[in-house]
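So the structure is just underneath, and the comments pick up after that.
Listed below in structure tokens is the structure:
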């Protein structure tokens, strides 16, 4: 198996430890998220952060006279607003993944890497991955063309091929319309895995392509280990208890040589998880303020596709 860029999820697994084996598992998970939220707030509470943030807020106020609101297009994060069991707003973790994490020793990096490789694998074979898929029973025919368009989008730009699943397939993506929100797991699981698409809100090519990117094995851009070079986070405008969604990746995680891209389809919108949606929670740092309005692109960018092609060794693609 090949490891993928999912160590933020893996770190969360390690922090939880064996809590999910106990009857009060989700109470424990709540406490873990609460602690992670506290750490995010602390990260951005230093005087240097606050001084720069004040300047960015002033610049934003000047460039948006009359408190001109952000162009607020609902995203999967808005649809998922009441789903507290998702990681980074739209990432679904299974009990099986938690169980694998229990075998990882946080004091043993080699064992941690092996646990990561086992928890989130790439689709096979590398260079020409095949991804079996099916529709959940009763999946509305009117939305199936949306799914096929999103599949075609990735097939045209990567070396991945999707095909209808058969009884011999162990790893299969199931497009599920009977879902609470829009979400996906990370990478390939050794079982059926739901790609959840609540109808009608999640049934757009943009949302489906985004969730398929997670199924390939990608996380969100603003969680990258180098993100603090590019963005500031205003934790005072994040809904209390949701600050954990802004946790940064640990050191040593590969970015596959992909530059930080504000316009990536895997970047949060500027007002992600905001109390006041007319104000940003994410600010582009100086001298990158010109990118403030370009976060969360509506389609996969060149670099979004390059990332997947590098992960999957698609040598005949960009």
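Residue numbers (our numbering): 846 to 1163.
Think of the CB as a built atom: it goes at the ideal place given N, C-alpha and C, for glycine as much as any other residue.
Because the structure is a prediction, the values reported are computed rather than measured.
Notebook entry, point to check: Expressed to the nearest angstrom, what Euclidean distance is found between the alpha-carbon atoms of residue 1156 and residue 1028?
Noted result: Each residue's alpha carbon lies about 21 Å from the other.
Note to self: On the DSSP bridge list, what partners appear for residue 975?
What the structure shows: Answer is 1006, bridged to residue 975.
Checklist line | Residue interval of the alpha helix (DSSP H) (run including residue 1154) | finding: It spans 1147-1156 - the alpha helix (DSSP H) in which residue 1154 sits, taken as one unbroken run.
Checklist line | Rounded separation between residue 959 and residue 1137 - CA only | finding: For residue 959, the predicted structure reports a pLDDT of 38, less than 50, and the residue's modelled location is therefore unreliable. A value from the coordinates is still provided. Their backbone Cα atoms lie some 38 Å apart in a straight line.
Next item on the list: Spatial neighbours of residue 1159 within its chain, please: CB distance less than 6 Å, with the 5 preceding and 5 following residues excluded, ordered by chain position.
Entry: The answer, listed in chain order, is 1003, 1004.
Notebook entry, point to check: According to DSSP, is residue 1042 helix, strand or coil?
Noted result: Correct three-state label for residue 1042: strand.
Checklist line | For residue 1037, three-class secondary structure by DSSP | finding: Under the three-state reduction of DSSP output, residue 1037 falls in the strand class.
Next item on the list: Assess, as a yes-or-no matter, whether the region 971-979 is touched by the region 1123-1137 under the definition of 3 or more beta carbon pairs within less than 8 Å.
Entry: With a cut-off of 8 Å, the region 971-979 and the region 1123-1137 do not count as touching, because too few Cβ pairs lie within range.
Item checked: Same chain only: Cβ atoms within 7 Å of residue 893, ignoring 5 sequence neighbours per side -> Excluding its 5 nearest sequence neighbours in each direction, residue 893 has no C-beta neighbour in its own chain below 7 Å.
Next item on the list: Report the partner residues of residue 1076 according to the DSSP bridge assignment.
Entry: DSSP, once it has assigned bridges, lists 1129 as partnering residue 1076.
Next item on the list: Using beta-carbon positions only, say whether residue 1036 and residue 1015 come within less than 8 Å of one another.
Entry: Note that the C-beta distance between residue 1036 and residue 1015 is below 8 Å.
Notebook entry, point to check: Can you tell me the Cα-Cα spacing of residue 986 and residue 1082, whole angstroms?
Noted result: Approximately 41 Å between the Cα atoms of the pair.
Notebook entry, point to check: So what does residue 1119 bridge to, in DSSP terms?
Noted result: DSSP, once it has assigned bridges, lists 1083 as partnering residue 1119.
Next item on the list: Report the rounded CA-to-CA distance for residue 963 versus residue 1023, giving the unit in angstroms.
Entry: Confidence is the limiting factor: at residue 963 the pLDDT is only 46, short of 50, which leaves the residue's position unreliable and the question unanswerable from this model.
Item checked: beta strand (DSSP E) segment containing residue 1018, residue limits -> For residue 1018, the enclosing beta strand (DSSP E) stretches over residues 1017-1021.
Notebook entry, point to check: Whose C-beta lies closer than 6 Å to the C-beta of residue 1154 among residues of the same chain, with five residues either side of it excluded?
Noted result: Counting only Cβ-Cβ distances below 6 Å, and skipping sequence neighbours, we find 1003, 1162.
Next item on the list: Assign residue 980 to one of three DSSP states: helix, strand, or coil.
Entry: In the structure shown, residue 980 adopts extended strand secondary structure according to DSSP, grouped into three states.
Note to self: Among 1101, 1105, 990, whose alpha-carbon lies nearest the alpha-carbon of residue 1152?
What the structure shows: Nearest of 1101, 1105, 990 to residue 1152, Cα basis: 1101.
Next item on the list: Starting from the Cα of residue 1073, find the closest Cα among 924, 1108, 1001, 1093 and give me that residue.
Entry: Looking at 924, 1108, 1001, 1093, the one whose alpha-carbon comes closest to that of residue 1073 is 1093.
Note to self: Is residue 1124 close to chain D? Criterion is C-beta to C-beta, closer than 8 Å.
What the structure shows: Included in the structure is just one protein chain, with no chain D present.
Check: Quick one: Cα of residue 876 to Cα of residue 1089, how far?
Finding: Taking C-alpha positions only, residue 876 is separated from residue 1089 by approximately 11 Å.
Check: Considering only the beta carbon of each residue, do residue 1129 and residue 1075 sit closer than 8 Å?
Finding: Yes, the Cβ-Cβ distance between residue 1129 and residue 1075 is below 8 Å.
Check: Residue range of the alpha helix (DSSP H) that residue 897 falls in?
Finding: That run of the alpha helix (DSSP H) goes 892-908.
Notebook entry, point to check: Helix, strand or coil: how does DSSP classify residue 936 here?
Noted result: Three-state result, residue 936: strand.
Check: Based on the DSSP output, what are the partners of residue 1027 in its beta bridges?
Finding: Residue pairing for residue 1027: DSSP places it in a beta bridge opposite 1042.
Check: Alpha carbon to alpha carbon, how far is residue 1053 from residue 898?
Finding: Roughly 34 Å separates the two Cα atoms.
Margin query: Taking only three categories from DSSP, how would you classify residue 1160?
Written below: Note: residue 1160 maps to coil in three-state DSSP.
Checklist line | CA-to-CA distance, residue 1140 to residue 1025, given in whole angstroms | finding: The alpha-carbon atoms of residue 1025 and residue 1140 are separated by roughly 25 Å.
Check: So, residue 1068 versus residue 1145, is the Cβ gap smaller than 8 Å?
Finding: Their beta carbons are not under 8 Å apart, which means residue 1068 does not touch residue 1145 by this criterion.
Checklist line | Three-way DSSP call (helix, strand, coil) for residue 1111 in this model | finding: Here residue 1111 sits in coil by DSSP.
Notebook entry, point to check: For residue 883, which option in 1085, 1013, 999, 1064 has the closest C-alpha, if you only look at C-alpha atoms?
Noted result: Considering only 1085, 1013, 999, 1064, the residue with the shortest C-alpha distance to residue 883 is 1085.
Item checked: 6 Å Cβ shell around residue 878 - same chain, five flanking residues per side excluded -> The beta carbon of residue 878 lies closer than 6 Å to those of 1089 in the same chain, with the five residues before and after it left out.
Note to self: Could you give the first and the last residue of the continuous alpha helix (DSSP H) run that contains residue 1056?
What the structure shows: For residue 1056, the uninterrupted alpha helix (DSSP H) run begins and ends at 1050-1061, by DSSP.
Next item on the list: Could you check the C-alpha separation between residue 1109 and residue 1051 for me, to the nearest Å?
Entry: CA-to-CA, the gap between residue 1109 and residue 1051 works out to about 12 Å.
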